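Report on one structure; see the data block that follows.
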Amino acid sequence: MNQKKFNRTARNYFTLFDTCRNLMPVMSIEGNREITDKRRGKGIYDLLVKNMEEFKKRGLIFGASVTVTKNNFKEVTSQYFLDSLADRGCKAVIFVEYVPVSDESSDLAPTDEEREYLAERILHLRKDHPEMVYISFPGDEKSSGGCVAAGRGFFHINSHGGAEPCPFSPYSDINVRNTSLNEALHSPLFTALQSGDLLSGDHNGGCVLFEKKNEVEALLNSKAV
């Protein structure tokens, strides 16, 4: 995409959010420039900051999604980093614990000790900095009675329109291009997950559905779904 077309597309999105203020964009940022560009690509950090400043200029609120790894968990929970987001107009921060998709990347997943640090830090932030909303995924499962995926609190729509339990459980039996959101919420897969014990069962931390992916796949392929 050339720069002129990119700028035109960006203006269209800003106009959309300016017109539909019930929508709140969430931008992925992984900490400082070095950490963000290493994970997201060169120049992404500066682009994110530029977009944040434009949102603030227009009086639009936005959120930030932060992938928490064992390499950045202290950086992204530091007061300096969070204040920099707040100063640019950010109103919500979603901390998403890194879930490995292969054995080669498993060393990036936070340890139990680091998850505990994250949980304690978020409790402190919620108490002392109520001007922003802080969400921990899947760390907030304990206070919400289990995993909130598959329509219990949210669900994920992939780039093809498939309704999935969550980004870490990429299985779908219904497409929102062909049906309503309400019907997607009551799809056979979602209904089976909501009525079973997979979402509330014990697991070793991280994403329960990713950890139990074989059971989710079996459920998807069963006659019940």
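If you're matching positions, the sequence shown starts at 2 in this note's numbering and goes up one per residue.
Heads up, the beta-carbon is just placed ideally off N, CA and C, and yes, glycines get one too.
Treat the numbers as computed from the prediction; the structure is a model and nothing was measured.
Delimiting residues of the alpha helix (DSSP H) encompassing residue i
| i | result |
| --- | --- |
| PHE56 | 45–58 |
| TYR81 | 80–88 |
| PHE211 | 209–212 |
| GLU184 | 182–186 |
| PRO189 | 189–196 |
Helix, strand or coil at residue i according to DSSP, with G and I counted as helix
| i | result |
| --- | --- |
| THR112 | coil |
| LYS75 | coil |
| ALA65 | strand |
| ASN176 | strand |
| GLU31 | coil |
| HIS157 | strand |
| ALA164 | strand |
| LEU223 | The displayed chain sequence assigns Ser, not Leu, to residue 223. Coil. |
| SER144 | helix |
| SER170 | strand |
| SER201 | coil |
Same chain, Cβ closer than 6 Å to residue i, neighbours up to 5 away in sequence not counted
| i | result |
| --- | --- |
| LEU86 | ALA65 |
| LEU186 | GLY152 |
Close Cβ partners of residue i (< 8 Å) along its chain, the five nearest in sequence each way excluded
| i | result |
| --- | --- |
| GLY146 | SER201 |
| LEU119 | VAL69, PHE74, THR78, PHE96, GLU98, PRO111, SER137, GLY140 |
Terminal residues of the beta strand (DSSP E) in which residue i lies
| i | result |
| --- | --- |
| LYS92 | 91–98 |
| VAL134 | 134–138 |
Assumed close pair residue i, residue j - CB separation to whole angstroms, cut-off 8 Å
| i | j | result |
| --- | --- | --- |
| ILE158 | ALA164 | 6 Å |
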